[in-house]
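Numbers in the working numbering are just positions in the sequence shown, counted from 1, shifted up by 24. All residues carry an ideal CB built from backbone N, CA and C; glycine is no exception. Nothing here was measured: the structure is a model prediction, and the numbers come from that model.
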Amino acid sequence: QTFFVVDSRSPDGRFAVLRAKPRTGRTHQIRVHASHMGLPILGDNVYGAEASLYIDDQDLMETNAKKIQRTLESDPDGIRVPLKLHAHTLEFAHPETGAPLFFTAPPPDHFFRALELL
25 QTFFVVDSRS PDGRFAVLRA KPRTGRTHQI RVHASHMGLP ILGDNVYGAE ASLYIDDQDL
85 METNAKKIQR TLESDPDGIR VPLKLHAHTL EFAHPETGAP LFFTAPPPDH FFRALELL
């Protein structure tokens, strides 16, 4: 289960900035749930709506480095690459002591560049 909140939308309504709060920690959980709800994450080449733009059977046989380089070349403005998913806040219990651990980090620059271009 993942809870989503829309923080803002692009002027044309095609894109939105979301906050996601997963209740569990499954692999790709936010990406899968967002896609299932019709809110694919920009740059998601596995679950996103744009996956067909730059992933195919040939891509699956290439190394990640080659795939990333080819995608970067086809996306010079950096809108789709890298994946626009960022953990702003993480909170969990220390595995040995059980003490609560809390971390925050601002979004990377590529988030802001993509927002300006959208």
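In this structure, Ala40 and Ser32 form a Cβ contact; the two beta carbons are roughly 7 angstroms apart against a cut-off of 8 angstroms. A straight line joining the alpha-carbon of Thr51 with that of His57 spans about 11 angstroms.
Following the DSSP letters along the chain, one finds Val30 inside the beta strand (DSSP E) bounded by residues Thr26 to Arg33.
Under the DSSP assignment, Arg43 falls in the beta strand (DSSP E) whose first and last residues are Ala40 to Pro46. Residue range Asp133 to Leu141 is occupied by the alpha helix (DSSP H) that includes Leu141. Comparing alpha-carbon positions, the option among Leu42, Arg47, Pro35 and Gly37 lying closest to Thr26 turns out to be Arg47.
With 16 or more other CB atoms across the displayed protein chains lying within 10 angstroms of its CB, Leu66 is buried. DSSP places Ala58 in the uninterrupted alpha helix (DSSP H) bounded by Gln53 to His60. Closest by C-alpha distance to Asn69, out of Thr121, Lys108 and Phe28, is Lys108. Nearest to Leu139 by alpha-carbon distance, out of Pro124, Glu115 and Asp36, is Asp36.
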